[in-house]
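Data block below; observations after.
Numbering (our numbering), first residue to last: 548 to 644.
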């Protein structure tokens, strides 16, 4: 099945989800080095916050910068979830951490 990205999603979001699907957890710092795209740690962290706002990934602990993929994130990668139907995240909103 093909994936159904939302209009707000970018290629980096796909790479983050794919990375977290292969590794049980990761940090934006590690992912910025591991993902084969030119993306700063800050950019990866921003995208992680947006992906967590829509429930595709989640911090492992409260006040944590370590993320894991959720069931919804796995469903998205499998083409079973249409991300356009998720609430639109706000790049400026910070989660209560």
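Note that beta-carbon positions come from the ideal geometry of N, C-alpha and C, so glycine has one too.
Alpha-carbon spacing of residue i relative to residue j, whole angstroms
i, j, result
"residue 623", "residue 555", "15 Å"
"residue 570", "residue 562", "12 Å"
"residue 636", "residue 553", "11 Å"
"residue 604", "residue 610", "15 Å"
"residue 713", "residue 551", "The structure shown has nothing for residue 713, since the chain only spans 548 to 644."
"residue 590", "residue 633", "21 Å"
"residue 616", "residue 558", "16 Å"
"residue 643", "residue 592", "Residue placement at residue 643 is poorly supported in this model, since its pLDDT is 45, which falls under 50; the coordinates still yield a value, given next. Each residue's Cα considered, the two are about 15 Å apart."
"residue 594", "residue 630", "14 Å"
"residue 596", "residue 638", "8 Å"
"residue 565", "residue 601", "16 Å"
"residue 577", "residue 568", "15 Å"
Integer Cβ distance of residue i from residue j, believed to fall under 8 Å
i, j, result
"residue 574", "residue 548", "Not really, about 30 Å apart at Cβ, beyond 8 Å."
"residue 588", "residue 579", "4 Å"
Residue environment, residue i, which counts as buried when at least 16 other CB atoms sit within 10 Å
i, result
"residue 560", "buried"
"residue 607", "exposed"
Delimiting residues of the beta strand (DSSP E) encompassing residue i
i, result
"residue 606", "604–606"
"residue 627", "Looking at the DSSP string, residue 627 is not in any beta strand (DSSP E), and its letter there is neither H nor E."
"residue 616", "614–616"
Delimiting residues of the alpha helix (DSSP H) encompassing residue i
i, result
"residue 563", "558–569"
"residue 581", "575–581"
"residue 550", "That residue, residue 550, is in no alpha helix (DSSP H); it is neither H nor E in DSSP."
At least three beta-carbon pairs within less than 8 Å, the segment 615–631 to the segment 579–587:
no
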